[in-house]
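Chemist: What follows is a structure written as structure tokens; I'll ask about it next.
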Amino acid sequence: GSEAASEQGQEEEVEDRLKEHMDNLLDKSAKARQAALQSLRLALSSKTLSEFLLERRLTLTDSLEKCLKKGQGAGRRRARGGEAGDPCLREVSHLPTGKGEEQALAGTVLTLLCLQMGSGPEGEEVFRSLKPLLISVLTDSTASPSARQSCATALGMCCYIAAADLE
1 GSEAASEQGQ EEEVEDRLKE HMDNLLDKSA KARQAALQSL RLALSSKTLS EFLLERRLTL
61 TDSLEKCLKK GQGAGRRRAR GGEAGDPCLR EVSHLPTGKG EEQALAGTVL TLLCLQMGSG
121 PEGEEVFRSL KPLLISVLTD STASPSARQS CATALGMCCY IAAADLE
């Protein structure tokens, strides 16, 4: 009786936190998005959440796509504007970018999402929708090495798990 109710309450609490993390993926603050990605990474790697994710896979896929796109061409954008000799610009262009971290985390969360979705049509749908973007980040020479590595892993794992035909 009360044990089942307690377990149900914990389950709802976990789901509420996950919903909150998913909402935070769309936050204006890069720090908030990265924290949400970290939390989702931990949750998806420690607990089977297939049913919860099944209902929210499109929303999560959409948010991960936005996170992956945030860093696209970041290196090119930072290099524009101002004079080449401008010390402010030079300093900024050599700082490690948080965008690469966000892309790397998004790739990792995507890999875990594919693992949770499995080899059915839902997993394939997630993979198909993000495959072009993963390839784009992977082949973007201005993307951070960690982002490219994470996207390569996501591409390989998701293809292995969720690709219907031999790609």
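All the letters of the sequence shown, read from the start, carry residue numbers 1 to 167 under the UniProt record's numbering.
Glycine is no exception: its CB is placed at the ideal position from the N, C-alpha and C atoms.
Keep in mind the model is a prediction, meaning the values are calculated, not measured.
1) According to DSSP, simplified to helix, strand and coil, what is Asp62?
2) For Gln34 and Glu101, which I take to be in contact (beta-carbon distance under 8 Å), what is that distance rounded to the nearest angstrom?
3) Using a Cβ-Cβ cutoff of less than 7 Å, which residues in the same chain neighbour His21 once the five nearest sequence positions on both sides are dropped?
4) Using the three-state DSSP reduction, which class does Leu26 fall into: helix, strand or coil?
5) By Cβ distance below 8 Å, which residues in the same chain neighbour Leu113 in space, the five residues on each side in sequence not counted?
6) Which same chain residues end up closer than 8 Å to Leu115 when comparing Cβ atoms and leaving out the 5 residues on each side of it in sequence?
7) Whole angstroms is fine: what's the gap from Gly47's alpha carbon to Ser29's?
Modeler: Checking against the coordinates, here is how it stands:
1) Three-state DSSP puts Asp62 in a helix.
2) 6 Å
3) Ala36, Ser39 and Leu40
4) Under the three-state reduction of DSSP output, Leu26 falls in the coil class, being neither helix nor strand.
5) The residues are Leu44, Leu53, Arg57, Leu60, Thr61, Leu64 and Val126.
6) Leu44, Met157 and Ile161
7) First, the residue type needs correcting, since residue 47 is Lys and not Gly in the sequence shown. Taking the straight line joining both Cα atoms gives about 27 Å.
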